[in-house]
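> All letters in the sequence shown, in the order written, are residues 15 to 312 by this note's numbering.
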Amino acid sequence: MVTWINALAKTRNKIGAALATVFKRPDAVDEDVLEELEDTLLSADVSLRLVTEWTDALRKGYRGLNVSAQSMLRERLLRSLETCVPFEWPAEPRPHTTLIVGVNGTGKTTTAAKLAWRAKQQGLTPLLAATDTFRAAGADQLRIWAERVDCDVVAGQQGADAAAVAYDALDAAHHRGRDVVLIDTAGRMHTRQPLMNELGKVRRAITNRLARDPDETWIVLDASMGQNAIIQARQFHQMVPLTGCIVSKLDGSSKAGFVFSVVHELGVPVRFAGLGEGMEDLTPFDAESFVDALLGTA
Ligand SMILES: Nc1nc2c(ncn2[C@@H]2O[C@H](COP(=O)(O)OP(=O)(O)O)[C@@H](O)[C@H]2O)c(=O)[nH]1
Ligand SMILES: [Mg+2]
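(1) From alanine 225 to glutamine 171, what distance separates their C-alpha atoms?
(2) Find the nearest neighbour of methionine 15 within the set Lys128, Val60 and Gly214, judged by alpha-carbon distance.
(3) Cβ-heavy atom distance between lysine 122 and ligand 2 below 6 Å?
(4) With distances taken from CA atoms, which of Glu52, Asp300, Ala219 and Ile197 is nearest alanine 178?
(5) Could you tell me the distance, in whole angstroms, from the CA atom of lysine 263 to the CA atom of glycine 271?
(6) Where leucine 22 and glutamine 84 are concerned, what is the direct C-alpha to C-alpha distance, given to the nearest angstrom?
(7) How many angstroms separate the CA atom of valine 211 from the CA atom of methionine 253?
(8) Compute the Euclidean distance between the alpha carbons of tryptophan 31 and glutamine 249, then round it to the nearest angstrom.
(9) What does histidine 110 pair with, by DSSP beta-bridge criteria?
(10) Under three-state DSSP, which class holds leucine 91?
(11) Quick check: is any heavy atom of ligand 2 less than 6 Å from the C-beta of aspartate 329?
(12) Roughly how many whole angstroms lie between the Cα atoms of glutamine 246 and histidine 204?
(13) So, at 7 Å on beta carbons, what are the nonlocal neighbours of isoleucine 313 in its own chain, with the 5 sequence-adjacent residues on each side left out?
(14) For valine 36, does the three-state DSSP call read helix, strand or coil?
(15) Any chance the CB of serine 262 is under 6 Å from a heavy atom of ligand 1?
(16) Tell me whether glutamate 53 is buried or exposed, calling it buried when 16 or more other Cβ atoms sit within 10 Å of its Cβ.
(17) Hey, would you say the C-beta of asparagine 222 is under 6 Å away from at least one heavy atom of ligand 1?
(18) DSSP on aspartate 154, reduced to helix/strand/coil?
(19) Is there at least one non-hydrogen atom of ligand 1 closer than 6 Å to the beta-carbon of glycine 119?
(20) Comparing C-alpha positions only, which one of Leu33, Ser94, Thr35 and Ala180 sits nearest to arginine 63?
(21) Identify whether valine 276 lies in helix, strand or coil by the three-state DSSP scheme.
(22) On the CB-based measure, 16 or more other CB atoms within 10 Å of its CB, does isoleucine 158 come out buried or exposed?
(23) With H, G and I counted as helix, E and B as strand and the rest as coil, what does DSSP make of tryptophan 142?
(24) Spatial neighbours of valine 284 within its chain, please: C-beta separation below 8 Å, excluding the five flanking residues on both sides.
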């Protein structure tokens, strides 16, 4: 299993030198040092607004106060992630239903499977729904995962109506008394209106069958996609109101600062992070572990 500290090594190495300068000689922090820190944070994909806020705080804040630059920055980073509390499946309602959306290749199908595995580990009975009916491979991929996880899967034929598949999956979950339903969707570009409308239809089918909105709607964002992903996510947010985000592929990315941008620019909490390709490589997002692994303060 990949750990936070390993997964964030690339980002940590990138920002490490700049942070070390600030942390080791706080009395010698001058404009040049702060500018270097700003550049490195930006290159790790933290948004300009946040970088400016943090470095301004450093500029003014710790001088004269009995607090180190390190603990001050740590405090700031944690505060900007305070909405991110690790997700737990609540005892009700049943079936607890999550709609998983995003553009192509971000890791939606893998994430749905990883979530099913987690649910199972916790003694819950998951059901996977494959509504990616554009490609035959879409359903096959989820079937293979369901076999590995050893859980139910409801998949549509190629060309089937995605909304009808979602409805059928909830029907099956209801009749079989399953606890958790994870609805995987086809990847789509946020600019393709017909496909975005289809997503709206899938959501309405869920609302219809459950007689309530999906309990969660999570967008999967690839950590290496950068600021553009935020723009995409906003479009999804308009069509299917998002309740959270999963940042995939944090391992191997040197742009983990993206996480702060998601929370601030999109205004939804990060619920899980993908730290690898394996079934067990999805970790509830825990702000403290994340920040400590980033700063090397673990
Ligand atoms: N390293 C890494 N690879 C991931 C992660 N999540 C997904 N992937 C890989 O990303 C690729 C696309 O994943 P997939 O689930 O098919 O994306 P989808 O098109 O959004 O359904 C696959 O090769 C996955 O193994 C992650 O957290 N870390
Ligand atoms: Mg997929």
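Ideal placement from N, C-alpha and C gives every residue a C-beta, glycine not left out.
As the structure is a computational prediction, the values presented were derived from the model and not from experiment.
Taking the structure as given:
(1) 26 Å
(2) Lys128
(3) yes
(4) Ala219
(5) 13 Å
(6) 18 Å
(7) Inspection of the sequence shows that residue 211 is occupied by asparagine rather than by valine. Their backbone Cα atoms lie some 7 Å apart in a straight line.
(8) According to the sequence displayed, residue 31 carries alanine and not tryptophan. So the alpha carbons of these two residues sit roughly 37 Å apart.
(9) Val194
(10) helix
(11) Missing from the structure shown is residue 329; the chain here goes from 15 to 312 and no further.
(12) 6 Å
(13) The question about residue 313 has no answer here: the residues shown for the chain are numbered 15 through 312.
(14) helix
(15) yes
(16) Correcting the residue identity first, residue 53 is aspartate in this sequence and not glutamate. Flag for aspartate 53 reads exposed.
(17) no
(18) helix
(19) yes
(20) Ser94
(21) helix
(22) exposed
(23) It is worth fixing the name first, because residue 142 is leucine in this sequence and not tryptophan. Note: leucine 142 maps to strand in three-state DSSP.
(24) Leu95, Cys98, Gly258, Cys259, Ile260, Val261, Val273, Val276, Val277 and Phe299
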